[in-house]
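Taking it in order: structure first as structure tokens, then the write-up.
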Amino acid sequence: FVIATENPIESAGVFPLPEAQLDRFLMKLSMNLPTKEEELRILELYMEEDPLKSLTAVVSLEELLAARAEAAKIFVHPCIREYMVQIAEATRRADGILAGVSPRGTLGLLRCVKAYAYLQGRSYVIPDDVRTLAVPVLAHRLVCSFGSDTGSAAGRMENILSTVPVPTERFEP
Numbered sequence: 001f002v003i004a005t006e007n008p009i010e011s012a013g014v015f016p017l018p019e020a021q022l023d024r025f026l027m028k029l030s031m032n033l034p035t036k037e038e039e040l041r042i043l044e045l046y047m048e049e050d051p052l053k054s055l056t057a058v059v060s061l062e063e064l065l066a067a068r069a070e071a072a073k074i075f076v077h078p079c080i081r082e083y084m085v086q087i088a089e090a091t092r093r094a095d096g097i098l099a100g101v102s103p104r105g106t107l108g109l110l111r112c113v114k115a116y117a118y119l120q121g122r123s124y125v126i127p128d129d130v131r132t133l134a135v136p137v138l139a140h141r142l143v144c145s146f147g148s149d150t151g152s153a154a155g156r157m158e159n160i161l162s163t164v165p166v167p168t169e170r171f172e173p
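Counting along the sequence shown from 1, when you hit position 43 you're at 43 in UniProt numbering, and nothing is skipped either side.
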């Protein structure tokens, strides 16, 4: 997989990626600036040497592949899968959105919610997993119309989430 950084659009020589390329990124996560205390700690860490030079692996490749295989086994109830598709469909017909989430986005959400449930120590996905990950996995894939007063893509995604009924069935296998 690839991790990429994105400079603010106001930076000279920066151009937005085409929608087809954005759809290939699994997630978009924003990092805020550090607090004053955090920034002071960063400076302290770099006072004598570069701490990045002494980084060590926290898991082996074998452990990572095993965890990935276990996450793939996480159960996703049919009503949760239906919920994810309803969210995707809602993006495709929402006002202010020219192009909604593609099936690639829904598949990305599936992979992420399974991994999240695994990291939470569960063998199954719950609706809160979907709600937690829908914005970072889906919002950057939306093509929003200009001049619309419905806000950012993330805000639009939040609005869509508030309109799609949340399943209430038992979610365990």
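Where a beta carbon is used, it is the ideal one built from N, C-alpha and C, also for glycine.
If you look at SER162, you'll find it in the alpha helix (DSSP H) that goes 153-163. The shortest CA-to-CA distance from SER30 to any of VAL135, GLU169, PRO173 is the one to VAL135. For MET31, there is no enclosing alpha helix (DSSP H), as DSSP marks it with neither H nor E. DSSP, read as helix, strand or coil, puts TYR124 in strand. In this structure, ARG92 lies near GLY100, with their beta-carbon atoms less than 8 Å apart. For the 8 Å CB-CB criterion, VAL130 and ILE74 do not form a contact. Sequence-distant partners of ALA117 (beyond 5 residues in either direction) whose C-beta falls short of 6 Å from its own C-beta, in its chain, are ILE74, VAL125, ASP129. At the C-beta level, ALA88 and THR106 come within 8 Å of one another. The bridge partners DSSP lists for PHE75 are TYR124. Taken through DSSP and simplified to helix, strand or coil, VAL135 comes out as helix. The alpha carbon of ILE160 has as its nearest neighbour, out of SER102, ILE97, GLY121, VAL113, the alpha carbon of ILE97. Between the beta-carbon of GLY108 and that of VAL137 there is about 5 Å, and that keeps the pair under the 8 Å contact cut. In this structure, the CA atom of HIS140 is about 28 Å from the CA atom of PHE171. The three-state secondary structure of ALA94, taken from DSSP, is coil. Under the 10 Å beta carbon count, ALA66 is surrounded by fewer than 16 other beta carbons and is classified as exposed. When C-alpha distances from ARG104 are compared across VAL58, GLU169, VAL85, the shortest belongs to VAL85. Here PRO167 has HIS77, CYS79, ILE80, GLU82, TYR83, PRO127 as same chain residues with Cβ atoms under 8 Å from its own Cβ, once five neighbours each way along the sequence are excluded.
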